[in-house]
Structure formats: structure tokens, C-alpha cells
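This report concerns only the one structure given below.
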Amino acid sequence: MELTWLEDFVALAETGNFSRAARARHVTQPAFSRRIRSLEDWVGTPLFDRATHRVGLTEAGRQFRPAATETLRRLHQARDAAREAGSSEATALRFAATHSLSFAFFPDWLGSLAPSAAIGSVRLISDSMQGCEQVLANGQAHFLICHHHHAVPNRLDASLFKALPIGHDALQLAVAPDLAAQDPATLPYLAYSAESGLGRIVSGVHGRRMSQPPVFTSHLAAVLHSMVRNGRGAAWLPRSICGDDLAAGRLAAIGPATPPIAIEIRLFRPRARQSAQAEAFWLLARAWAAGRGFDTETDEPGRQPMR
Numbered sequence: 001m002e003l004t005w006l007e008d009f010v011a012l013a014e015t016g017n018f019s020r021a022a023r024a025r026h027v028t029q030p031a032f033s034r035r036i037r038s039l040e041d042w043v044g045t046p047l048f049d050r051a052t053h054r055v056g057l058t059e060a061g062r063q064f065r066p067a068a069t070e071t072l073r074r075l076h077q078a079r080d081a082a083r084e085a086g087s088s089e090a091t092a093l094r095f096a097a098t099h100s101l102s103f104a105f106f107p108d109w110l111g112s113l114a115p116s117a118a119i120g121s122v123r124l125i126s127d128s129m130q131g132c133e134q135v136l137a138n139g140q141a142h143f144l145i146c147h148h149h150h151a152v153p154n155r156l157d158a159s160l161f162k163a164l165p166i167g168h169d170a171l172q173l174a175v176a177p178d179l180a181a182q183d184p185a186t187l188p189y190l191a192y193s194a195e196s197g198l199g200r201i202v203s204g205v206h207g208r209r210m211s212q213p214p215v216f217t218s219h220l221a222a223v224l225h226s227m228v229r230n231g232r233g234a235a236w237l238p239r240s241i242c243g244d245d246l247a248a249g250r251l252a253a254i255g256p257a258t259p260p261i262a263i264e265i266r267l268f269r270p271r272a273r274q275s276a277q278a279e280a281f282w283l284l285a286r287a288w289a290a291g292r293g294f295d296t297e298t299d300e301p302g303r304q305p306m307r
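Spelled out as C-alpha cells, the structure:
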């Protein structure tokens, strides 16, 4: 059995599509399919149901997925620990954060916890939600910071990961002021791509109620923000990014038919014990959150992982 087979398995389980998973793994689809077959031969039973349009996990695949994810996480963590031994990276706290929160939330939040000297060396990996989930699942980061909505599942297995609420935000459907009087149903819709956590939240809350097909798609909230400011259409923007523009009148909120979507900012981590520095930081973050009235006993990362 090869490590790449497990990484292929996780990629296909997440995408549900052989061609997209093969692109994500940077191999041809025939080569990717052969590796999946090799893994199934090694396990001794089919792991994927190929009879439907979206490739789904068989019961055996669903049983295998948590073990595969945890095995990858531990192996990557052990590899990184071996690589970093004896270097300044060995004690660095590694965070994965979605692009929008990397610059709109993370710096101020980290500074509010304690002086930088007390926290020590920090490494930030900024990516899409899908990329950040993979980074955390593979053990390449101690923590993940992202938006969360109680009704929208993420891809982190609740038996392997837990979370701490550390902030509040809201998604607001916004436009340039000169478009504010226009019927929302006729506005060009600027959407998030499938890799975006904010896109999952909008889709999960509003489903197919967005009457207009998107005229532009990106996984970056900052790009959609810029497009909205340029009068290109309407987009759901986090107030952490567009709040100043709304207050100054550079953007206008659309409502009341489309009220803001209240969302949390959460800090995720593996349930397994991490380095002494990471565990000390977790205790610091819990104390910080408790002191600001957050429920530190609700540690579920969401519902069961997306199939």
C-alpha cells in the first residue's frame, strides 16, 4: 500500500468526481483510476460506488475514510516533525486560515491574545476553505481558522476534530450604491466557487433561491468585494471585509428580503494531542474566548463530514 493511494482516496471522497480529483492530484485520470483500483484491491472490497453521476462512498468506504484521514494526518505530522527537528520551525505554531480571515481577522485576533514574544514563532498558511481543510487533515497545521454556520456541514470528521468559537461575522448581500434601487432578482450575481467556505454557507442557507445564475465566480471574497465596488453586480460579502464600505456609503446593503447571514469564526484543531506549544496555545485561546462570552464547551466542528 502506498501513501499516495490514501491521498487519492481522500481527494475522490471529497470531490465525488474522478476528473476533478485527478486534476487536484496532478495526474491523468487513467493513472488516478488505476491507483484507486489498487487501493481497493489492497483493502479487498470496493470503496466507491461508481453507478451514480456523483461518485459516492460504499459502506466500506465510509468505514475506511476516518482511518485514512487520521493515518494521513499522523504521517504528515510525523514527517514535518522529523524535518523540523533542530530548526527554528520546530516550535512554530502553524495556522491555516481562509484568505478573507487571513487579513481581515487573524492579525488583530492573534495580537489580542498575548504579546508576540509570549506566543513565539507563527506560520500562517492562507488558502481556500477546501485547501485549509486538507492542510489540517494532513497534519500540516496545528489549527484552522474559518467561517462557520450551524446549518452547513464542513469536511472535518467530528470524531477527529473539535472547534472553538472565537468571533462573529455576517454575510451581507451588497451592491454599489447606484445599483441599490434595482430589483435584486435582476442584478448580475457574483458568486463564490465550490472551493470557498463562504460559498458553501450561501448555498446551504439559500440553496436554489438565488434566481440569477452567476456572471462571475471566484473563491476569493476580496475579488468579489472589488467587483461589487466597481459596480459589476451583487455578492454576499463578509462584513469583516465590507463593513467600512457599508458604513461610508461606498456600498449598499440589499434587504430586507435578503437579510444578512449570521456566521461564526471558529478555531479548529485535531482531537489528538499536539505539541506542547500547540496545546499551550489552545488553552490560551480557550481562556480568551471564555473571557469574551463565547461558549467554550461547544467543540463540535459541525455536523458529520460531507459525503
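Numbering of the sequence shown is given in the UniProt record's numbering, commencing with residue 1 and proceeding in unit increments.
Don't be surprised by glycine CBs; every beta carbon is placed ideally from N, CA and C.
Bear in mind that the values here come from a model prediction, so they are computed numbers and not experimental data.
Quick check: what's the CA-CA separation for residue i versus residue j?
i: residue 152; j: residue 58; result: 23 Å
i: residue 186; j: residue 102; result: 33 Å
i: residue 96; j: residue 134; result: 10 Å
i: residue 289; j: residue 176; result: 35 Å
i: residue 32; j: residue 8; result: 7 Å
i: residue 132; j: residue 21; result: 16 Å
i: residue 212; j: residue 65; result: 37 Å
i: residue 202; j: residue 11; result: 23 Å
i: residue 4; j: residue 23; result: 14 Å
According to DSSP, what are the bridge partners of residue i?
i: residue 56; result: 49
i: residue 7; result: DSSP, once it has assigned bridges, lists no residue as partnering residue 7.
i: residue 168; result: 264
i: residue 217; result: 191
i: residue 163; result: 268
Can you check whether the CB of residue j is closer than 8 Å to the CB of residue i?
i: residue 14; j: residue 200; result: no
i: residue 73; j: residue 138; result: yes
i: residue 233; j: residue 184; result: no
i: residue 308; j: residue 68; result: In the structure as shown, the chain begins at 1 and stops at 307. Residue 308 is therefore absent and cannot be evaluated.
i: residue 263; j: residue 149; result: yes
i: residue 221; j: residue 26; result: no
i: residue 283; j: residue 113; result: no
Does the ligand FMN have a heavy atom nearer than 7 Å to the CB of residue i?
i: residue 109; result: This structure simply doesn't include the ligand FMN, nor any ligand for that matter.
Q) Between the region 33-47 and the region 97-113, are three or more C-beta pairs nearer than 8 Å? A) no
Q | Three-pair Cβ contact test at 8 Å for the region 62-82 versus the region 108-128 | A | no
Q. Is it a yes or a no for the region 233-240 touching the region 159-177, going by three-plus beta-carbon pairs under 8 Å?
A. yes
Q | 3-residue-minimum beta strand (DSSP E) runs that sit fully inside the region 76-160, ordered along the chain | A | 93-98, 122-127 and 143-148
Q) Whole beta strand (DSSP E) runs in the region 170-199 with 3 or more residues, listed along the chain? A) 189-192
Q. Would you call the region 257-275 and the region 135-147 in contact, with 3 or more CB pairs under 8 Å?
A. yes
(Q) So within the region 226-284, which uninterrupted alpha helix (DSSP H) runs reach at least 4 residues, ignoring any that extend past its ends? (A) 239-248
Q.
Assess contact between the region 156-164 and the region 255-269, defined as three or more Cβ pairs (one per stretch) separated by less than 8 Å. Is contact present?
A. yes
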